[in-house]
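For reference, the structure is listed below as structure tokens.
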Amino acid sequence: YHRDPRQEPRVPPLPLAVERPPHLSGSTPPTRPISRIEYVAHISRGKVPCQVPEDGGIGNADFNAGKKVSKYAYEILDLWRLKEPISLKLAISNGLLKGPPQKYCCVPLALLESCPMDTQEHIISRAPQETPVEGEMKDYVLPEESKEAPSS
Numbered sequence: 001y002h003r004d005p006r007q008e009p010r011v012p013p014l015p016l017a018v019e020r021p022p023h024l025s026g027s028t029p030p031t032r033p034i035s036r037i038e039y040v041a042h043i044s045r046g047k048v049p050c051q052v053p054e055d056g057g058i059g060n061a062d063f064n065a066g067k068k069v070s071k072y073a074y075e076i077l078d079l080w081r082l083k084e085p086i087s088l089k090l091a092i093s094n095g096l097l098k099g100p101p102q103k104y105c106c107v108p109l110a111l112l113e114s115c116p117m118d119t120q121e122h123i124i125s126r127a128p129q130e131t132p133v134e135g136e137m138k139d140y141v142l143p144e145e146s147k148e149a150p151s152s
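Position 46, counted from 1, in the sequence shown is what UniProt numbering calls 46; the numbers after and before it change by one each time, with no gaps.
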């Protein structure tokens with residue numbers, strides 16, 4: 001959900017395992033992107049209208065009222081700026097990405113190993129404000145959670 005530049009609304013929900021989508025930066029003018037990973041974000045689970053606090057964040061009230069196209073919102077819990085941005089060409093040649101991200105992509109373990117987040121510039125850090133998941137998201141569980149023993 002929007003709270004200045006720290007939230008990013010999305011129409012489809014991200015898989016629950018996606019927590020750190022890399023962000024490719026663009027240049028000005030936007031006709032020719034610089035195509036490099038400069039930021040990594042740790043995001044909350046997807047939230048639906050009425051789960052987003054109306055604390056003055058940009059667009060939060062409209063999102064909760066269903067006036068936005070986006071059906072899900074994600075709070076940016078942590079944001080890191082990489083000290084040494086990774087070019088798209090280098091990311092592909094090192095096997096970190098298969099190509100330019102089209103929507104979102106998980107941060108590969110190899111990127112976290114080669115570029116530990118605790119050594120990067122930590123721009124945003126906030127505790128998650130998770131609320132009970134309702135509606136469409138309630139059946140959206142991680143595989144580990146769905147393998148519980150049946151109760152009698």
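Note that the Cβ used here is the ideal one computed from N, Cα and C, for glycine as well. All values reported here derive from a predicted model rather than from experimental measurement.
Identity of the residues DSSP links to residue i by a beta bridge
i	result
residue 125	78
residue 47	73
Proximity test, residue i beta-carbon vs the ligand HEM heavy atom, cut-off 8 Å
i	result
residue 51	The ligand content of the structure shown is nil, which means the ligand HEM is not present either.
Extent of the continuous beta strand (DSSP E) run through residue i
i	result
residue 41	36–43
First and last residue of the uninterrupted alpha helix (DSSP H) at residue i
i	result
residue 91	88–93
residue 111	109–114
Proximity to residue i [Cα-Cα], best of the options
i	options	result
residue 48	35, 67, 33, 38	67
residue 118	42, 35, 106, 34	42
residue 34	70, 86, 122	86
residue 84	121, 108, 45, 106	121
residue 111	82, 70, 52, 54	82
Sequence-distant residues of the same chain with beta carbon closer than 6 Å to residue i, five excluded per side
i	result
residue 55	none
Spell out a yes or no on whether the region 53–69 and the region 88–101 are touching, meaning 3 or more CB-CB pairs, one atom from each, closer than 8 Å. no
Hey, is the region 66–85 in contact with the region 93–105, meaning 3+ C-beta pairs nearer than 8 Å? no
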